[in-house]
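Structure first, then comments.
Numbering (the working numbering), first residue to last: 2 to 393.
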C-alpha cells in the first residue's frame, strides 16, 4: 500500500530511492534505499518557518545556516516485506512513520511498523500524515484526530504528528523542524572499537571495464561506534562459506576509499550512511551479498555463533494479523525468523522456557551480547512479528 514515503524522501532529499525494476513496476519499496539531506535553519525566522533543505531561506530569502546532515533509509512499507523493513530500521537513531491521510487509521502495517520500532528500541519517532492535499480541510482534521487517538491508545500520545503533502512540498518546514527537535543526534563514543552493520554491497564496475581499471567491491552501511580511516585493515563477519570445510570464515581486506553523502572522505565516524571501497573481488559483493554482515578491526568482533540464548517477550497478538491471531508460547523444535541487526536469520528452537529460549541458527551470525532481536513466526502463509528478544 502506497503511503507516499518514497515521494516524501524525494521531497526532502531530491533522490528517488526506489530504483529497482520490480519496485517501479509494483509501486512499492522492496529493497532498502537510502539518501542524504542537509537541513538548514534561517536565524531570522521563527520556527518552524525557516527550516528547509536550501541555503537560501524560502520564507525570507535570507542566508540559512547548516543545522545538520541527515541520512534517510527508505524501508519497505508493505507488510509482506517486514524482514526488509526491520533490516533498515536496525541502523536508525529515529524514524519517520508515514501514514496516508486518505486511508483509514491505523492500517495493519502502521501498527506493525510502530511496534517493530519499539521492539528495536527506536523511541524517537515523528508521525507524518501524508497526502492531506487529497482531502478537504474537515476530512484532514478527522484523519489527524484518528491518528492522535491511535497513538494515545498505544501510549504514544507525545509523538508529534505533522500533516504534509510530499507531492506538493506542503509543510516541509514543519516536518524538518519536528525531525530536528524530536530526533536529536545521539552521543556516541568514538574511542571504542569500530562496528559497522552492512545494509548494502555492490559492484560499481560497468560491463566491459578493462581489468586494470576495475575497482574492488563496495560495502554500504552505518558505523555505530568508533572510527575508520582510509588504509585501515578491516575484518568482515561471518565472512564467506568455505566449500571444502563447510564453514564460514571471516574475511580481511583494506579500506581504499570512504564515500558519504557529502562526498569522498579520509575518515568516518558514527552517524549517517557510508560506502566503503575495498580490495575485495567485486563479484563477491555484487547483489547485496554481504547484507547482515558486521565490519570491525581484525580480532575485535565477537566470534561467529550458530547458537544463542536470549530472553524473550511475546506480544498478545501477532502484529499485522488484524488482532485475530493470538501468540502462543514458543515451542521447542519450531522454526522462527530473527531480525539480528541488518540480517534476517532463520533458526530452530532448541529449548524453550519461561521468558527464555535457546536457538540454533541456520547459518553463523556475528552476535553482540545485549543486542535487540525481533522475532517472527510463520502464521500461516507469511512471517508475522510476535515479540522481541535480547541476546544473552
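We put the CB at the ideal spot given by N, CA and C, even for glycine.
1) Where do the N-terminal and C-terminal ends of the alpha helix (DSSP H) with residue 119 fall, by residue?
2) Would residue 298 and residue 195 be called neighbours here (beta carbons separated by less than 8 Å)?
3) Quick one: is residue 41 buried, meaning 16 or more other Cβ sit within 10 Å of its Cβ, or exposed?
4) Can the beta-carbon of residue 202 be found less than 8 Å from the beta-carbon of residue 220?
5) How many angstroms separate the CA atom of residue 103 from the CA atom of residue 144?
6) Compute the distance between the beta-carbons of residue 180 and residue 100, then report whether it is under 8 Å.
7) Give the C-beta separation of residue 385 and residue 319 to the nearest angstrom, bearing in mind that I take them to be a contact with Cβ-Cβ under 8 Å.
8) Could you check where the beta strand (DSSP E) with residue 157 kicks off and where it finishes?
9) Hey, residue 296 and residue 235 are a contact pair by Cβ (cut 8 Å); roughly how many whole angstroms apart?
10) Specify, as a first and last residue, the run of the beta strand (DSSP E) that residue 283 falls within.
11) With DSSP as the reference, identify every bridge partner of residue 1, one or two as the case may be.
12) So the candidates are 345, 210, 172, 229; which of them puts its Cα closest to the Cα of residue 193?
13) Around the C-beta of residue 273, are 16 or more other C-beta atoms found within 10 angstroms, so that it is buried, or is it exposed?
14) Apart from the five residues just before and just after residue 253, which ones in its own chain have a Cβ nearer than 8 Å to its Cβ?
15) DSSP three-state call for residue 140: helix, strand or coil?
16) In angstroms with no decimal places, state the Cα-to-Cα distance between residue 387 and residue 355.
17) Are the beta-carbon atoms belonging to residue 176 and residue 184 less than 8 Å from one another?
Working from what's here:
1) Residue mapping note: residue 119 aligns to position 118 of the chain shown, counting from 1. Segment 109-120, the alpha helix (DSSP H) holding residue 119.
2) On the chain shown, residue 298 is found 297 positions in, with the first residue counted as 1. On the chain shown, residue 195 is found 194 positions in, with the first residue counted as 1. Contact flag set, yes.
3) Walking along the chain shown from the start, residue 41 turns up at place 40. Buried is the call here.
4) To locate residue 202, count along the chain shown from 1; it is residue 201. To locate residue 220, count along the chain shown from 1; it is residue 219. Yes, Cβ-Cβ distance for residue 202 and residue 220 is below 8 Å.
5) The sequence position of residue 103 within the chain shown is 102, counting from 1. The sequence position of residue 144 within the chain shown is 143, counting from 1. The straight-line gap from Cα to Cα measures roughly 8 Å.
6) Within the chain shown, the letter at position 179 stands for residue 180. Within the chain shown, the letter at position 99 stands for residue 100. Not a contact, by the Cβ cut-off of 8 Å.
7) In the chain shown, the residue the question calls residue 385 occupies position 384. In the chain shown, the residue the question calls residue 319 occupies position 318. Rounded, the Cβ-Cβ distance is 4 Å, consistent with contact.
8) Along the chain shown, one-based indexing puts residue 157 at 156. Here residue 157 belongs to no beta strand (DSSP E), and DSSP marks it neither H nor E.
9) Position 295 of the chain shown, counting from 1, holds the residue named residue 296. Position 234 of the chain shown, counting from 1, holds the residue named residue 235. Indeed, because the Cβ distance is near 5 Å, the residues count as touching under 8 Å.
10) Position 282 of the chain shown holds residue 283. Per DSSP, residue 283 belongs to no beta strand (DSSP E); it is in the alpha helix (DSSP H), 283-286.
11) Given that the chain is displayed from residue 2 to residue 393, the structure contains no residue 1 and the question cannot be resolved.
12) As a first step, residue 193 must be located in the chain shown, where it is residue number 192. Among 345, 210, 172, 229, the Cα nearest to that of residue 193 belongs to 229.
13) Here residue 273 corresponds to residue number 272 of the chain shown, with the count starting at 1. Buried: at least 16 other Cβ atoms inside 10 Å.
14) Taking the chain shown and counting its residues from 1, the one referred to as residue 253 is at position 252. Contacts found: 234, 235, 236, 237, 299.
15) Taking the chain shown and counting its residues from 1, the one referred to as residue 140 is at position 139. Reduced to three states, the DSSP call for residue 140 is helix.
16) Here residue 387 refers to the residue found at position 386 of the chain shown. Here residue 355 refers to the residue found at position 354 of the chain shown. If you take the alpha carbons of residue 387 and residue 355, they lie about 16 Å apart.
17) The residue labelled residue 176 in the question sits at position 175 within the chain shown. The residue labelled residue 184 in the question sits at position 183 within the chain shown. For residue 176 and residue 184, no; Cβs fall outside 8 Å.
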